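First up is the structure itself, then whatever we jot down about it.
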Amino acid sequence: MNHDQLIQNTISFVKKALENAEGGHDWFHIERVFNTSRLISKQEKTNALVVELAALLHDIADPKFHDGDESVGPEIARTFLESQQVDASTIDHVVNIIQHMSFKNSLENSGTAFASKELEVVQDADRLDAIGAIGIARAFNYGGFKNRALYDPKIAPNLQMTKEEYKASKAPTINHFYEKLLLLKDRMNTETGRKLAKERHQFMETYLDQFFGEWNGNR
Numbered sequence: 213m214n215h216d217q218l219i220q221n222t223i224s225f226v227k228k229a230l231e232n233a234e235g236g237h238d239w240f241h242i243e244r245v246f247n248t249s250r251l252i253s254k255q256e257k258t259n260a261l262v263v264e265l266a267a268l269l270h271d272i273a274d275p276k277f278h279d280g281d282e283s284v285g286p287e288i289a290r291t292f293l294e295s296q297q298v299d300a301s302t303i304d305h306v307v308n309i310i311q312h313m314s315f316k317n318s319l320e321n322s323g324t325a326f327a328s329k330e331l332e333v334v335q336d337a338d339r340l341d342a343i344g345a346i347g348i349a350r351a352f353n354y355g356g357f358k359n360r361a362l363y364d365p366k367i368a369p370n371l372q373m374t375k376e377e378y379k380a381s382k383a384p385t386i387n388h389f390y391e392k393l394l395l396l397k398d399r400m401n402t403e404t405g406r407k408l409a410k411e412r413h414q415f416m417e418t419y420l421d422q423f424f425g426e427w428n429g430n431r
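Here is the structure:
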């Protein structure tokens, strides 16, 4: 099977799998990460097929929608890629990216973390979709999906969360900006990712300034 046909098959598979997904983790999120991954890849030496497949399959079964089970997504991705007769080394690389790219995994101290340039690219693209105007929209969409408060002055952000605390958190959505979103600019892997993150980060800072001004009745 040629590259283009494999990508089209993967797109069709992902669209079907995510047709009823929560709005911040639906096909359009995947499409944005896919396009941004290809944009970043233009400036990096990567295996294009690995980057594109990992971008398309990275949220095929997000653990937070599967009772925290982190094995579902990689298993689905592996089974699908095997059905497409993708070579074993490419499958292993894609599955490793899916297993290691999540922000929550960075909260663990692991000396055996997987690393690759392809992981860096897809991770940057995914993190870019978590910040800026779209990141703000996604945060509040998910907060509403989980019936969380917008903001509660009595609940301070937890800036020293463990991975398990992060997974179990039910904090107000505004806390998520301080616990994750505002940290992502300085965690970009690539030069292109850093450049794109700068403007998106500033937009979030401006938004929060306006939010608290309105919250406190000053604007």
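Numbering (my numbering), first residue to last: 213 to 431.
Glycine included, every Cβ here is placed at the ideal spot set by N, Cα and C.
If you're wondering where the values come from, they're calculated on a predicted model, not measured in any experiment.
Report the residue from GLY285, GLU256 and LEU251 whose alpha carbon sits nearest the alpha carbon of LEU230.
GLY285
Cα-Cα separation between GLN217 and THR258, rounded to whole angstroms:
20 Å
When the cut-off is 9 Å and only beta carbons count, does LEU331 lie next to chain B?
The displayed structure is made up of one protein chain only, and chain B is not part of it.
Please look up how many angstroms separate the CB atoms of HIS305 and ASP274, rounded, as I've assumed it's under 8 Å.
With 8 Å as the limit, HIS305 and ASP274 do not qualify as a contact, their Cβ atoms being about 20 Å apart.
Does DSSP put GLN297 in a helix, in a strand, or in coil?
coil
PRO384 versus ALA337, LYS407, LEU420 and ASN359, residue with shortest Cα-Cα distance
ASN359
Cut-off 7 Å between Cβ atoms - residues of its own chain near LEU408, not counting five sequence neighbours on either side:
LEU340
Would a C-beta distance cut-off of 9 Å place GLY356 and LEU393 closer than the cut-off?
no
Put SER426 into one of helix, strand or coil per three-state DSSP.
According to the sequence shown, residue 426 is Glu rather than Ser. If DSSP states are grouped into helix, strand and coil, GLU426 belongs with the helices.
Which same chain residues end up closer than 8 Å to ASN221 when comparing Cβ atoms and leaving out the 5 residues on each side of it in sequence?
MET213 and GLN296
Proximal residues to HIS413 (C-beta, below 8 Å), its chain only, five neighbours per side dropped:
ILE343, GLY344, LEU394, LEU396 and LYS397
Where VAL333 and ALA325 are concerned, what is the direct C-alpha to C-alpha distance, given to the nearest angstrom?
16 Å
Note down, in chain order, each residue of its chain lying with its Cβ closer than 8 Å to the Cβ of THR402, except the 5 sequence neighbours on either side.
ILE252, GLN255, GLU256, GLU332, VAL333 and ASP336
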